Amino acid sequence: MPDPSRARRLAILGSLYLAQGIVYGFGGLILVPSLAAAGVALEAQAGILALASVPWVLKLLWAPLLDRFGVLGSGRARWFAAMAMLAMAVVLAVLAGRESLVAEPVTLAWLWLLLNAALSLQDVSTDALVLDLVPPGERGVTNGVLLGGHHLGAEGIGGLALGLFVASRGLLAALWVQSAIMLALAGLPLLLPRREESATPASPRLADVLAHLVTSPRALAVAEAEGGTGRRHEAAGPSWARTASRTSLQVRIDSRLPTRSTGSMRAPASWQREVATARVEESGANGQAG
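See below:
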(Lines of atoms letter the chains of each structure in order from A and count residues from 1; the text may use other names and numbers.)
(Lines give C-alpha, C1' and ligand atoms only; values in the text may rest on other atoms or scores of the structure.)
Protein backbone atom coordinates (compact mmCIF):
# COMPACT_ATOMS: atom_id res chain seq x y z
CA MET A 1 0.00 0.00 0.00
CA PRO A 2 1.46 3.42 -0.95
CA ASP A 3 2.68 5.58 1.87
CA PRO A 4 0.47 8.71 1.96
CA SER A 5 3.16 10.77 3.67
CA ARG A 6 5.64 9.88 0.93
CA ALA A 7 3.15 10.81 -1.79
CA ARG A 8 2.42 14.13 -0.09
CA ARG A 9 6.12 14.88 0.25
CA LEU A 10 6.73 14.17 -3.43
CA ALA A 11 3.77 16.31 -4.46
CA ILE A 12 4.90 19.30 -2.38
CA LEU A 13 8.54 19.12 -3.46
CA GLY A 14 7.46 18.65 -7.07
CA SER A 15 5.19 21.71 -6.84
CA LEU A 16 8.13 23.85 -5.70
CA TYR A 17 10.08 22.89 -8.80
CA LEU A 18 6.92 23.42 -10.82
CA ALA A 19 6.92 27.04 -9.62
CA GLN A 20 10.54 27.43 -10.70
CA GLY A 21 9.72 26.03 -14.12
CA ILE A 22 6.80 28.42 -14.62
CA VAL A 23 8.97 31.50 -14.13
CA TYR A 24 11.84 30.00 -16.14
CA GLY A 25 9.62 29.00 -19.06
CA PHE A 26 7.68 32.26 -19.08
CA GLY A 27 10.87 34.33 -19.08
CA GLY A 28 12.60 32.43 -21.86
CA LEU A 29 9.66 31.41 -24.05
CA ILE A 30 7.22 34.30 -23.63
CA LEU A 31 8.71 37.43 -22.06
CA VAL A 32 11.86 37.83 -24.14
CA PRO A 33 10.14 36.98 -27.48
CA SER A 34 7.38 39.47 -26.59
CA LEU A 35 9.98 42.17 -25.99
CA ALA A 36 11.66 41.34 -29.29
CA ALA A 37 8.32 41.50 -31.12
CA ALA A 38 7.62 44.91 -29.56
CA GLY A 39 10.91 46.28 -30.87
CA VAL A 40 12.92 46.37 -27.63
CA ALA A 41 16.62 46.67 -28.40
CA LEU A 42 18.64 43.47 -28.44
CA GLU A 43 21.05 44.95 -25.90
CA ALA A 44 18.17 45.47 -23.45
CA GLN A 45 16.99 41.90 -23.93
CA ALA A 46 20.51 40.59 -23.31
CA GLY A 47 20.82 42.78 -20.23
CA ILE A 48 17.61 41.38 -18.75
CA LEU A 49 18.82 37.81 -19.23
CA ALA A 50 22.31 38.61 -17.94
CA LEU A 51 21.02 40.23 -14.74
CA ALA A 52 18.64 37.35 -14.19
CA SER A 53 21.55 34.89 -14.27
CA VAL A 54 23.55 36.66 -11.54
CA PRO A 55 21.62 35.16 -8.57
CA TRP A 56 22.12 31.68 -10.00
CA VAL A 57 25.85 32.19 -10.37
CA LEU A 58 26.08 33.46 -6.79
CA LYS A 59 23.47 31.22 -5.18
CA LEU A 60 26.22 29.55 -3.15
CA LEU A 61 26.06 32.67 -0.99
CA TRP A 62 22.68 31.51 0.32
CA ALA A 63 24.46 28.55 1.95
CA PRO A 64 25.80 30.43 5.03
CA LEU A 65 22.31 31.81 5.64
CA LEU A 66 20.75 28.37 5.54
CA ASP A 67 23.60 26.84 7.54
CA ARG A 68 23.13 29.46 10.23
CA PHE A 69 19.35 29.65 10.43
CA GLY A 70 17.99 26.69 8.47
CA VAL A 71 20.19 23.75 9.47
CA LEU A 72 19.01 20.25 8.68
CA GLY A 73 16.45 18.98 11.12
CA SER A 74 15.45 22.43 12.33
CA GLY A 75 12.49 22.69 9.97
CA ARG A 76 13.37 26.29 9.19
CA ALA A 77 14.22 25.55 5.55
CA ARG A 78 10.45 25.24 5.05
CA TRP A 79 10.08 28.88 6.09
CA PHE A 80 12.85 30.00 3.76
CA ALA A 81 11.09 28.28 0.85
CA ALA A 82 7.74 29.79 1.82
CA MET A 83 9.14 33.31 2.23
CA ALA A 84 10.93 33.03 -1.12
CA MET A 85 7.64 32.08 -2.77
CA LEU A 86 5.92 35.07 -1.17
CA ALA A 87 8.70 37.34 -2.42
CA MET A 88 8.26 35.91 -5.92
CA ALA A 89 4.51 36.62 -5.77
CA VAL A 90 5.15 40.22 -4.69
CA VAL A 91 7.70 40.91 -7.44
CA LEU A 92 5.41 39.41 -10.08
CA ALA A 93 2.56 41.56 -8.82
CA VAL A 94 4.76 44.67 -9.05
CA LEU A 95 5.67 43.72 -12.62
CA ALA A 96 2.02 43.18 -13.48
CA GLY A 97 1.17 46.60 -12.05
CA ARG A 98 3.47 48.49 -14.41
CA GLU A 99 1.83 50.37 -17.25
CA SER A 100 4.09 48.96 -19.94
CA LEU A 101 7.04 46.63 -19.56
CA VAL A 102 8.07 47.27 -23.14
CA ALA A 103 8.54 50.98 -22.41
CA GLU A 104 10.53 50.29 -19.19
CA PRO A 105 13.18 47.68 -20.01
CA VAL A 106 15.55 48.94 -17.29
CA THR A 107 12.87 48.66 -14.60
CA LEU A 108 11.93 45.26 -15.95
CA ALA A 109 15.56 44.12 -15.76
CA TRP A 110 15.98 45.07 -12.11
CA LEU A 111 12.65 43.56 -11.06
CA TRP A 112 13.46 40.38 -12.97
CA LEU A 113 16.77 40.29 -11.10
CA LEU A 114 14.89 40.45 -7.76
CA LEU A 115 12.53 37.74 -8.94
CA ASN A 116 15.42 35.42 -9.76
CA ALA A 117 17.12 36.20 -6.45
CA ALA A 118 14.00 34.99 -4.63
CA LEU A 119 13.77 32.05 -7.02
CA SER A 120 17.36 30.99 -6.34
CA LEU A 121 16.68 31.08 -2.58
CA GLN A 122 13.62 28.92 -3.13
CA ASP A 123 15.74 26.48 -5.15
CA VAL A 124 18.42 26.21 -2.45
CA SER A 125 15.78 25.82 0.27
CA THR A 126 13.99 23.11 -1.69
CA ASP A 127 17.22 21.16 -2.14
CA ALA A 128 17.85 21.50 1.60
CA LEU A 129 14.39 20.08 2.27
CA VAL A 130 15.15 17.13 -0.01
CA LEU A 131 18.34 16.35 1.94
CA ASP A 132 16.49 16.86 5.20
CA LEU A 133 13.39 14.76 4.56
CA VAL A 134 14.02 12.26 1.76
CA PRO A 135 15.77 8.98 2.65
CA PRO A 136 18.80 8.21 0.45
CA GLY A 137 17.03 5.28 -1.15
CA GLU A 138 14.19 7.50 -2.40
CA ARG A 139 16.22 10.40 -3.74
CA GLY A 140 16.38 9.00 -7.26
CA VAL A 141 12.59 8.93 -7.55
CA THR A 142 12.36 12.33 -5.88
CA ASN A 143 14.85 13.81 -8.34
CA GLY A 144 12.74 12.49 -11.21
CA VAL A 145 9.63 14.12 -9.73
CA LEU A 146 11.48 17.42 -9.28
CA LEU A 147 12.74 17.47 -12.86
CA GLY A 148 9.33 16.41 -14.15
CA GLY A 149 7.71 19.25 -12.23
CA HIS A 150 10.24 21.73 -13.59
CA HIS A 151 9.62 20.68 -17.20
CA LEU A 152 5.86 20.69 -16.71
CA GLY A 153 6.09 24.21 -15.35
CA ALA A 154 8.52 25.47 -18.00
CA GLU A 155 7.06 23.99 -21.17
CA GLY A 156 3.50 23.11 -20.16
CA ILE A 157 2.47 26.12 -18.06
CA GLY A 158 5.10 28.84 -18.44
CA GLY A 159 5.42 28.32 -22.18
CA LEU A 160 2.21 26.82 -23.60
CA ALA A 161 -0.60 27.76 -21.20
CA LEU A 162 0.64 31.25 -20.35
CA GLY A 163 1.59 31.80 -23.97
CA LEU A 164 -2.02 31.23 -25.00
CA PHE A 165 -3.10 33.50 -22.15
CA VAL A 166 -0.76 36.27 -23.33
CA ALA A 167 -2.13 35.97 -26.86
CA SER A 168 -5.69 36.56 -25.60
CA ARG A 169 -5.26 38.76 -22.51
CA GLY A 170 -1.82 40.32 -22.72
CA LEU A 171 1.53 40.14 -20.96
CA LEU A 172 0.54 41.91 -17.76
CA ALA A 173 -2.45 39.62 -17.20
CA ALA A 174 -0.16 36.60 -17.44
CA LEU A 175 2.07 38.11 -14.76
CA TRP A 176 -0.95 38.47 -12.47
CA VAL A 177 -1.72 34.79 -13.03
CA GLN A 178 1.84 33.84 -12.09
CA SER A 179 1.67 35.97 -8.97
CA ALA A 180 -1.52 34.18 -7.92
CA ILE A 181 0.07 30.78 -8.55
CA MET A 182 3.11 31.61 -6.42
CA LEU A 183 0.89 32.91 -3.64
CA ALA A 184 -1.19 29.72 -3.73
CA LEU A 185 1.91 27.51 -3.58
CA ALA A 186 3.72 29.54 -0.91
CA GLY A 187 2.12 27.71 2.01
CA LEU A 188 2.90 24.20 0.76
CA PRO A 189 6.43 23.96 2.23
CA LEU A 190 4.95 24.51 5.70
CA LEU A 191 2.91 21.32 5.27
CA LEU A 192 6.08 19.24 5.13
CA PRO A 193 6.98 17.40 8.34
CA ARG A 194 9.81 18.49 10.56
CA ARG A 195 12.50 15.94 11.30
CA GLU A 196 13.62 15.62 14.88
CA GLU A 197 16.78 17.62 15.62
CA SER A 198 18.14 14.86 17.85
CA ALA A 199 18.47 12.59 14.82
CA THR A 200 20.39 15.17 12.83
CA PRO A 201 24.19 15.49 13.04
CA ALA A 202 25.70 18.92 13.42
CA SER A 203 26.10 20.72 10.11
CA PRO A 204 29.78 21.45 9.32
CA ARG A 205 30.88 24.95 8.40
CA LEU A 206 31.62 25.66 4.75
CA ALA A 207 35.16 26.80 5.60
CA ASP A 208 35.84 23.53 7.46
CA VAL A 209 34.60 21.47 4.51
CA LEU A 210 36.79 23.35 2.02
CA ALA A 211 39.81 23.09 4.33
CA HIS A 212 39.28 19.34 4.67
CA LEU A 213 39.06 18.90 0.90
CA VAL A 214 42.26 20.84 0.28
CA THR A 215 44.34 19.25 3.07
CA SER A 216 43.10 15.68 2.86
CA PRO A 217 45.81 13.00 2.28
CA ARG A 218 44.34 12.14 -1.11
CA ALA A 219 44.44 15.78 -2.25
CA LEU A 220 48.04 16.16 -1.07
CA ALA A 221 49.05 12.94 -2.84
CA VAL A 222 47.48 14.13 -6.09
CA ALA A 223 49.22 17.51 -5.77
CA GLU A 224 52.59 15.85 -5.18
CA ALA A 225 52.02 13.47 -8.06
CA GLU A 226 51.13 16.28 -10.47
CA GLY A 227 54.12 18.32 -9.35
CA GLY A 228 56.44 15.36 -9.73
CA THR A 229 55.17 14.59 -13.22
CA GLY A 230 55.92 18.12 -14.38
CA ARG A 231 59.38 18.22 -12.81
CA ARG A 232 60.40 14.80 -14.10
CA HIS A 233 61.05 16.24 -17.55
CA GLU A 234 63.50 18.89 -16.33
CA ALA A 235 67.21 18.37 -17.04
CA ALA A 236 68.21 18.64 -13.42
CA GLY A 237 66.63 19.28 -10.06
CA PRO A 238 67.16 19.15 -6.30
CA SER A 239 66.56 16.11 -4.15
CA TRP A 240 63.00 17.07 -3.30
CA ALA A 241 62.14 17.03 -7.04
CA ARG A 242 63.39 13.44 -7.30
CA THR A 243 61.36 12.56 -4.21
CA ALA A 244 58.23 14.01 -5.78
CA SER A 245 59.00 12.10 -8.97
CA ARG A 246 59.22 8.86 -7.02
CA THR A 247 55.92 9.70 -5.34
CA SER A 248 54.39 10.23 -8.79
CA LEU A 249 55.72 6.83 -9.91
CA GLN A 250 54.26 5.11 -6.86
CA VAL A 251 50.88 6.73 -7.40
CA ARG A 252 50.89 5.69 -11.04
CA ILE A 253 51.89 2.13 -10.17
CA ASP A 254 49.31 1.84 -7.40
CA SER A 255 46.57 3.17 -9.68
CA ARG A 256 47.28 0.43 -12.20
CA LEU A 257 47.51 -2.50 -9.81
CA PRO A 258 44.37 -4.55 -9.09
CA THR A 259 42.58 -4.00 -5.83
CA ARG A 260 43.26 -6.34 -2.92
CA SER A 261 41.14 -9.48 -2.88
CA THR A 262 41.20 -12.93 -1.34
CA GLY A 263 43.86 -15.14 -2.86
CA SER A 264 46.62 -14.17 -5.26
CA MET A 265 45.95 -12.32 -8.48
CA ARG A 266 48.40 -11.71 -11.29
CA ALA A 267 48.21 -8.27 -12.88
CA PRO A 268 47.22 -8.35 -16.56
CA ALA A 269 49.99 -7.98 -19.12
CA SER A 270 48.87 -4.47 -20.09
CA TRP A 271 49.27 -3.26 -16.49
CA GLN A 272 52.70 -4.91 -16.26
CA ARG A 273 53.82 -3.11 -19.43
CA GLU A 274 52.60 0.26 -18.12
CA VAL A 275 54.37 -0.23 -14.80
CA ALA A 276 57.59 -1.21 -16.57
CA THR A 277 57.34 1.88 -18.79
CA ALA A 278 56.82 4.11 -15.74
CA ARG A 279 59.91 2.61 -14.09
CA VAL A 280 62.01 3.20 -17.22
CA GLU A 281 60.87 6.85 -17.29
CA GLU A 282 61.77 7.19 -13.60
CA SER A 283 65.25 5.76 -14.18
CA GLY A 284 65.86 8.19 -17.06
CA ALA A 285 64.63 11.14 -14.99
CA ASN A 286 66.90 10.22 -12.08
CA GLY A 287 69.85 9.85 -14.44
CA GLN A 288 69.29 13.32 -15.89
CA ALA A 289 68.84 14.83 -12.43
CA GLY A 290 72.06 13.25 -11.23
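Okay, so the sequence shown: first residue is -11 according to this note's numbering, each after it adds one. Even for Gly, the Cβ is constructed at its ideal location relative to N, Cα and C. Since the model is a prediction, treat every value here as computed from it, not as a measurement.
Check whether residue i and residue j have beta carbons under 7 angstroms apart
i	j	result
Gln8	His138	yes
Met73	Met170	yes
Trp100	Ala40	yes
Leu178	Tyr5	no
Trp352	Ala84	Residue 352 is absent from the model: the chain starts at -11 and stops at 278.
Gly147	Leu17	yes
Buried versus exposed call for residue i [16 or more other C-beta atoms within 10 Å across all chains shown]
i	result
Asp196	exposed
Pro(-8)	exposed
Arg66	buried
Ser3	buried
Pro43	buried
Leu119	exposed
Ala25	exposed
Val129	exposed
Rounded straight-line distance, which links the Cα of residue j to that of residue i
i	j	result
Pro21	Arg64	38 angstroms
Gly141	Ile0	14 angstroms
Arg(-3)	Ser113	15 angstroms
Ala199	Asn131	29 angstroms
Ala168	Val82	12 angstroms
Ile10	Leu19	12 angstroms
Val28	Leu53	38 angstroms
Gly15	Asp115	22 angstroms
Leu117	Ala172	19 angstroms
Leu121	Arg127	10 angstroms
Ala174	Ser204	42 angstroms
Phe153	Ala209	59 angstroms
Leu96	Arg157	20 angstroms
Arg56	Gly125	27 angstroms
Gly35	Arg86	19 angstroms
Pro123	Ala155	44 angstroms
Gly136	Ala149	17 angstroms
Reference residue i, options the options, closest by Cα
i	options	result
Ala91	Trp164, Leu159, Glu143, Ala69	Leu159
Leu176	Pro52, Arg56, Asp115, Ala69	Ala69
Gln166	Leu178, Leu37, Gly151	Gly151
Gly(-5)	Pro181, Ser88, Ser204, Pro93	Going by the sequence as given, residue -5 is Ala instead of Gly. With distances taken between Cα atoms, Ala(-5) lies closest to Pro181.
Gln110	Ala75, Ile36, Ala26	Ala75
Gly13	Arg157, Leu37, Glu126	Leu37
Glu31	Asp115, Ala174, Arg127, Pro93	Pro93
Ser88	Leu117, Leu23, Ala155	Leu23
Ala162	Gly136, Pro124, Leu80	Leu80
task = Mind the definition here: the segment 104 to 111 touches the segment 47 to 55 only if three or more C-beta pairs lie below 8 angstroms; say whether that holds.
result = yes
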